[in-house]
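Student:
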Amino acid sequence: MPVDQAELDTEQVLKRDIPWETYMTTELITETGLQLLKRYDKSLKDKPTPPYVRVFVIILSDISKEDNVKYVPALIDEMLTEDLLKVLNQLEKELKVNIKKLSSFEKYKQEANSGHFERSPMHKDPTFWSESVTNFEDMNFEVLRVLIAIPDKSDDLRALVVACFDLSQFIPYHPAGRIMCKFQFWPL
């Protein structure tokens with residue numbers, strides 16, 4: 001797109017002469033097009049509804065993929081109110097915790113329920129075991145019971161080896177792992 005055309009489009013956007021759908025085109029997300037965020041932020045502050053927030057975040061995401069990413073922190077500092085910044089920071093923290101938890105233990109749970117274990121780094125990772133061992137308590141130790149049943153139900157030697165190894169990891173990492181073993185929570 002020629003420079004004159006880009007500037008003209010930006011001016012039109014700032015005057016609200018073009019439809020909102022055009023905001024999402026990458027031709028307008030250029031150095032001069034970063035003014036979109038400033039204008040859009042006013043709407044976000046006036047009416048903080050989910051559609052406005054969604055489009056605002058999408059615009060930020062599009063800009064961050066370009067060479068103009070250096071402008072994003074300055075724009076965010078100018079536009080975001082202190083309250084909104086606190087909410088976004090809290091959301092980021094909660095998402096990081098939940099994504100990490102879901103990504104590792106949920107994968108493990110799916111693998112256990114399928115009965116087809118692969119010797120992946122997750123099975124040997126001390127961090128996984130220390131952070132996820134209490135998740136085995138969910139639904140009355142459902143995943144642990146699946147592990148215990150694998151030797152009886154599976155003909156897959158690899159699944160048997162990995163399940164036995166995982167049981168050996170569960171015992172020292174779970175606070176009651178040794179007691180469960182002693183009182184034969186599962187047959188040895």
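For the sequence shown, UniProt numbering begins at 1 and goes up steadily by one.
The beta-carbon is built from N, C-alpha and C at its ideal position, and this holds for glycine as well.
1) Is the region 129-138 in contact with the region 156-174, if contact means three or more CB pairs nearer than 8 Å?
2) Thinking C-alpha only, which one of I150, S168, P121 is nearest N113?
3) Taking C-beta to C-beta, are K160 and S168 nearer than 8 Å?
4) Helix, strand or coil, according to DSSP, for H174 in the structure here?
5) Hey, could you find the ends of the alpha helix (DSSP H) D155 is sitting in?
6) Can you check which of these residues, L88, S120, Q110, is closest to L147 by C-alpha distance?
7) Leaving out five residues before and five after S104 in sequence, what residues of the same chain have Cβ atoms less than 7 Å from its Cβ?
8) Can you look up F117 in the DSSP assignment and give me helix, strand or coil?
9) Under 8 Å Cβ to Cβ from E106, same chain only, skipping five residues before and after it: list those, please.
10) Give a yes or no on whether the C-beta atoms belonging to V162 and R119 are separated by under 8 Å.
11) Apart from the five residues on each side of it in sequence, which residues of its chain come closer than 7 Å, Cβ to Cβ, to G177?
12) Taking 8 Å as the cut-off, decide whether the C-beta atoms of H116 and D156 are in contact.
13) Give the straight-line distance between the Cα atoms of D125 and V55, rounded to the nearest whole angstrom.
14) Can you tell me where the alpha helix (DSSP H) holding T127 begins and where it ends?
15) Is it buried or exposed for I58, if we count other Cβ within 10 angstroms and need 16 for buried?
16) Evaluate V97 with the Cβ neighbour count: other Cβ atoms within 10 Å of its Cβ, from every protein chain shown; 16 or more gives buried, anything less gives exposed.
17) Whole angstroms is fine: what's the gap from D152's alpha carbon to R158's?
Tutor: In terms of the structure at hand:
1) yes
2) I150
3) The residue you asked about is not Lys; residue 160 is Leu in the sequence shown. Against a cut-off of 8 Å, the Cβ pair of S168 and L160 comes out as no contact.
4) DSSP places H174 in coil when its eight states are reduced to three.
5) Premise fails: D155 is in no alpha helix (DSSP H) and is neither H nor E.
6) When L88, S120, Q110 are compared, the shortest CA-CA separation from L147 is found for Q110.
7) Result list for S104: M122, F128, S132, in chain order.
8) coil
9) none
10) yes
11) F170, I171
12) yes
13) 39 Å
14) 126-132
15) exposed
16) exposed
17) 14 Å
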